[in-house]
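Chemist: The structure is given below, and queries will be raised subsequently.
There are 2 protein chains.
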Amino acid sequence: MQTLTTLSSLRTALAELPKPLGLVPTMGYLHPGHLSLVHVARRECETVVASIFVNPTQFGPTEDLSTYPRDLESDLTKLRNEGTDVVWTPSKEEMYPPGFQTWVEVEALTKFLEGAMRPGHFRGVTTVVAKLFNAVQPQKAYFGQKDAQQVAVIKQMVRDLNFLIEIIVCPTMREFDGLAMSSRNAYLKGDERRAATVLYRALNAARIAYQSGERSANTLRHLMADTIRTEPLAKMQYVSCAHPVTLKDLDWVEGDALCSMAVYVGGTRLIDNFLLESGVWIT
Amino acid sequence: MQTLTTLSSLRTALAELPKPLGLVPTMGYLHPGHLSLVHVARRECETVVASIFVNPTQFGPTEDLSTYPRDLESDLTKLRNEGTDVVWTPSKEEMYPPGFQTWVEVEALTKFLEGAMRPGHFRGVTTVVAKLFNAVQPQKAYFGQKDAQQVAVIKQMVRDLNFLIEIIVCPTMREFDGLAMSSRNAYLKGDERRAATVLYRALNAARIAYQSGERSANTLRHLMADTIRTEPLAKMQYVSCAHPVTLKDLDWVEGDALCSMAVYVGGTRLIDNFLLESGVWIT
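The listed protein sequences derive, respectively, from chains A and B. Taking our numbering, the leading residue of the first sequence gets 1, the next gets one more, and so forth. Taking our numbering, the leading residue of the second sequence gets 1, the next gets one more, and so forth.
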């Protein structure tokens with residue numbers, strides 16, 4: 001496995017490696033969710049490239065950039081064990097040199113949900129992903145369903161800007177009790193870890209109601225919100241039952257719908273989601 | 001020469017053609033300036049692709065989108081005669097399908113000169129050029145020095161977004177009397193055509209003063225403005241003597257400087273420029 005930091009060394013290395021090439025973009029502190037992406041990429045591609053970059057431009061001024069968990073050595077061991085060929089770990093200066101001033105922005109889709117709560121977040125995401133796409137020029141790129149809106153936004157960017165890259169979405173990986181795996185779970189202290197399952201419980205409440213025939217999106221949202229309110233350590237930021245492509249909140253569920261939420265558990269902001277009709281549950 | 005309209009047919013055709021691939025993006029109504037780009041691309045690349053697309057998103061609401069001159073048949077003949085391999089002529093719907101919402105924006109550089117006069121213009125340019133770059137995936141792309149700020153903005157985008165494309169800038173081509181070649185020269189009626197040489201005369205005044213030792217940017221700007229004022233059919237929009245990379249207006253010329261201007265001649269808006277130190281004059 002080659003570990004590279006500069007763009008030029010990356011390009012030199014990739015020129016020698018066979019296609020198709022699969023990219024797994026990450027911010028490090030890897031958990032089994034990330035490794036499942038590498039695993040699928042390994043099965044589908046001749047060359048697997050992972051990137052590790054805690055992208056400052058997708059964090060808001062009051063967010064957790066400085067405390068975001070990092071463990072490069074452990075990440076490299078995990079990636080090596082999954083058969084990764086190349087790891088790119090660019091510096092902040094390599095990605096955003098002095099004078100940097102170009103941004104990629106997806107408009108309508110980023111107005112809702114995470115985009116509404118985290119102004120500028122998706123501009124940072126699409127800009128860094130466009131840079132990663134151009135640096136690596138992969139045939140396929142792998143993202144987790146956990147960040148459902150990110151997936152929708154990146155797919156829109158790929159369509160709109162003619163990127164010749166197939167976006168592969170892999171199911172959310174969960175802990176034994178349903179908590180969606182996330183690097184931010186490392187922030188959870190004491191009782192917060194148990195309380196954090198409330199997102200899963202809320203999604204489950206909506207799923208069970210939907211499977212029993214409930215089609216009012218408002219009722220499904222209320223069910224989720226009511227579940228979150230039962231947990232004293234949790235504070236809901238939003239719940240949504242939205243169209244899976246436009247992300248606009250629905251009145252009635254016809255076809256598929258994306259149930260999603262952001263919840264503070266103590267000081268930790270957690271998100272989770274599933275697709276009512278096609279959603280994959282790994283319990 | 002293959003003439004293609006859809007993105008998918010373009011990709012199928014390009015997959016068969018040898019590299020390096022050179023792209024000449026145009027809005028059609030081709031003149032010898034465009035053809036000089038094709039000529040250089042033909043010399044340097046195995047495959048030459050030209051695009052013809054009058055990009056609506058780079059025109060302001062009061063600008064000349066609907067009247068922009070078009071002559072596809074003549075353009076195709078000229079491109080064939082220069083040895084172009086593939087011409088891509090996408091429709092507006094192919095480039096901007098319903099739901100399109102992703103924009104590429106270069107910030108600081110687009111605040112000056114043309115960017116100040118034409119809000120949104122460069123956002124349209126960088127977005128369509130990013131789309132063309134991703135659609136064609138060229139190794140080299142060819143642009144004219146005539147649109148000096150466009151060149152600076154595109155180079156910045158290429159650096160910032162990690163496009164692996166070399167930007168080749170070719171000198172401005174001029175008519176016998178110095179008028180820079182432009183598709184918009186077709187708008188000039190009667191006496192306007194003669195009056196339009198005032199841009200060239202103004203640039204020449206600055207060049208002669210510079211070559212005589214003048215280094216005050218203000219004096220050079222005044223010389224250009226004074227020249228434009230001598231022409232009754234001309235109305236100056238701006239003159240600038242700016243840093244060739246940052247495009248910020250200079251106090252003193254040390255090293256190179258970009259002299260540029262926008263001038264209305266009758267109802268036609270014309271631009272021209274040259275680099276004081278390294279600028280190429282084809283007279």
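Ideal Cβ placement from N, Cα and C applies to all residues, glycine included. Only a predicted model underlies this, so the values are computations on that prediction, with no experimental measurement involved.
Which of helix, strand or coil does DSSP assign to Glu277/B?
Modeler: coil
Chemist: Alpha carbon to alpha carbon, what distance is there between Ala116/B and Ala202/B?
Modeler: Separation of Ala202/B and Ala116/B (C-alpha to C-alpha, rounded to the nearest whole angstrom) is 21 Å.
Chemist: Taking the C-alpha atoms as reference points, what is the distance between Ile165/A and Ala13/A?
Modeler: 20 Å
Chemist: At which residues does the beta strand (DSSP E) containing Leu247/A begin and terminate?
Modeler: That residue, Leu247/A, is in no beta strand (DSSP E); it is neither H nor E in DSSP.
Chemist: Which same chain residues end up closer than 7 Å to Ala287/B when comparing Cβ atoms and leaving out the 5 residues on each side of it in sequence?
Modeler: Absent from the model: residue 287/B. The displayed extent of chain B is 1 to 283, so no value can be given.
Chemist: Comparing the C-beta of Lys131/B with each C-beta of chain A, is any distance below 7 Å?
Modeler: yes
Chemist: By how many angstroms is the C-alpha of Asp256/A removed from the C-alpha of Gln58/A?
Modeler: Roughly 29 Å between the two C-alpha positions.
Chemist: With a cut-off of 8 Å on the beta carbons, I'd call Ile253/A and Ala217/A a contact; round off their distance for me.
Modeler: The question names Ile, but residue 253/A in the sequence shown is Val. With 8 Å as the limit, Val253/A and Ala217/A qualify as a contact, their Cβ atoms being about 6 Å apart.
Chemist: Strictly under 7 Å for the Cβ-Cβ distance: is Asp160/B near chain A by that measure?
Modeler: yes
Chemist: For chain B, check one thing: does any of its Cβ atoms lie closer than 7 Å to the Cβ of Thr139/A?
Modeler: As written in the sequence, residue 139/A is Gln, which differs from the Thr given in the question. With 7 Å as the cut-off, Gln139/A does not count as an interface residue toward chain B.
Chemist: Could you run through the segment 103-116 of chain B and flag, in chain order, every residue whose CB is less than 8 Å away from some CB of chain A?
Modeler: Trp103, Val104, Glu105, Val106, Glu107, Ala108, Leu109
Chemist: Who are Lys140/A's beta bridge partners in DSSP?
Modeler: Gly22/A, Glu166/A
Chemist: Please compile the residues from chain B whose C-beta is within a distance smaller than 8 Å of the C-beta of Phe163/A.
Modeler: Asn134
Chemist: Are there 16 or more other CB atoms within 10 angstroms of the CB of Lys146/B, so buried, or fewer, so exposed?
Modeler: buried
Chemist: Locate the beta strand (DSSP E) running through Thr287/B, then write down its first and last residues.
Modeler: Limits of chain B in this structure are 1 at one end and 283 at the other, which puts residue 287/B out of reach.
Chemist: Please state whether DSSP places Leu70/B in a helix, a strand or coil.
Modeler: A small fix is needed here, since residue 70/B is Arg in this sequence, not Leu. Three-state DSSP puts Arg70/B in coil, outside helix and strand.
Chemist: Any beta carbon of chain B sitting closer than 7 Å to that of Gln149/A?
Modeler: no
Chemist: Rounding to the nearest angstrom, what Cα-Cα distance links Pro208/A and Gln156/A in this structure?
Modeler: In the sequence under discussion, the amino acid at residue 208/A is Ile, which differs from the Pro named in the question. Those two C-alpha atoms are separated by around 31 Å.
Chemist: Quick one: list the residues of chain A neighbouring Gln101/B, beta-carbon separation under 8 Å, in chain order.
Modeler: The answer, in chain order, is Val106, Glu107, Ala108, Leu109, Gln156, Asp160.
Chemist: Give the residues from the segment 6-31 of chain A that approach chain B closer than 8 Å (Cβ to any Cβ), ordered along the chain.
Modeler: Leu7, Arg11
Chemist: So, for Ile282/A: in the same chain, excluding its five sequence neighbours on each side, which residues have a beta-carbon less than 8 Å away from its beta-carbon?
Modeler: Because the pLDDT at Ile282/A is just 40, under 50, the model does not fix this residue reliably, and the point stays unresolved.
Chemist: Find out if the Cβ-Cβ distance for the pair Glu105/B, Arg123/B is shorter than 7 Å.
Modeler: yes
Chemist: Given this structure, state the Cα-to-Cα distance separating Val151/B from Phe143/A, to the nearest angstrom.
Modeler: 35 Å
Chemist: How would you label Arg43/B, buried or exposed, when you count the other beta carbons within 10 angstroms and need 16 or more for buried?
Modeler: exposed
Chemist: For Gln211/A, which of helix, strand or coil comes out of DSSP?
Modeler: Gln211/A carries a helical assignment under DSSP once its states are collapsed to helix, strand and coil.
Chemist: Please check the pair Leu258/A and Asn273/A, which I expect to be a contact at CB under 8 Å, by giving their CB distance rounded to whole angstroms.
Modeler: 6 Å
Chemist: I need the DSSP call for Lys155/A, collapsed to helix, strand or coil.
Modeler: helix
Chemist: Between Asp75/B and Gly28/B, which are expected to be in contact by the criterion C-beta below 8 Å, what is the C-beta distance as a whole number of angstroms?
Modeler: The C-beta distance from Asp75/B to Gly28/B rounds to 5 Å, short enough to fall under 8 Å.
Chemist: Less than 7 Å between the beta carbons of Leu109/A and Val153/A, yes or no?
Modeler: yes
Chemist: Got a sec, what are the start and stop residues for the beta strand (DSSP E) Glu105/B sits in?
Modeler: 102-106
Chemist: Have a look at Lys140/A and His34/A and give me their C-alpha separation to the nearest angstrom.
Modeler: 15 Å
Chemist: Among residues of its own chain, excluding the 5 on either side of Ile271/B, which ones have a beta-carbon nearer than 6 Å to its beta-carbon?
Modeler: Ala262
Chemist: Using beta-carbon positions only, say whether Ala196/A and Leu179/A come within less than 7 Å of one another.
Modeler: Contact flag set, yes.
Chemist: Determine, using beta carbons only, whether Thr230/A and Ala205/A come nearer to each other than 7 Å.
Modeler: no
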